[in-house]
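Reviewing the structure listed below.
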Amino acid sequence: MPQITYRIEEHDGGWAYRLGDTWSETYPDHDSARAAAVRAAREQKVPDEDAYIEFQDSEGQWITQHADGQDRPAATVEG
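Counting from 1, position 53 in the sequence shown corresponds to residue 69 in our numbering; the numbering is continuous, with no gaps.
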C-alpha cells in the first residue's frame, strides 16, 4: 500500500498543507490547516470504482491502464 503524507507549513502569510509540491489553500492558523489536512487524508481512504485511465507519457505515447478503485494509499498528517 502506498504511503502519502500531508505536511502542515507556513505559507503565503498563513498556514497550509502540502502533498509533495502541491499546496492547499492558505488558512489563517495552524489548527485550521491541520483540520483540512486531516479531512483530505480521510478522503484518501474512500474506495472508488475500478476504471480504465488513459494518459500521455513524456514521449507522447498514449498509455491505457486499469485503475483499481480499492487500491488506496495510507495517508498521514505531520505538523
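The C-beta atom is built at its ideal place from N, Cα and C for all residues, glycine as well. Keep in mind the model is a prediction, meaning the values are calculated, not measured.
For a test of the three-state rule: what should DSSP assign to residue 75, helix, strand or coil? Residue 75: coil per DSSP, three-state reduction.
Can you pull the DSSP bridge partners for residue 30? Paired residue(s): 27.
Collapsed DSSP secondary structure at residue 59 in the structure displayed: Helix, per DSSP.
Taking C-beta to C-beta, are residue 24 and residue 50 nearer than 7 angstroms? Their beta carbons are under 7 angstroms apart, which means residue 24 touches residue 50 by this criterion.
Could you spell out the range, first to last residue, of the beta strand (DSSP E) harbouring residue 94? Judged by DSSP secondary structure, residue 94 falls within the beta strand (DSSP E) whose first and last residues are 90–94.
Note down, in chain order, each residue of its chain lying with its Cβ closer than 6 angstroms to the Cβ of residue 65, except the 5 sequence neighbours on either side. Counting only Cβ-Cβ distances below 6 angstroms, and skipping sequence neighbours, we find 85.
Pull up the CB-CB distance for residue 19 and residue 89, whole angstroms please, since I reckon it's below 8 angstroms. Confirmed, Cβ separation roughly 6 angstroms.
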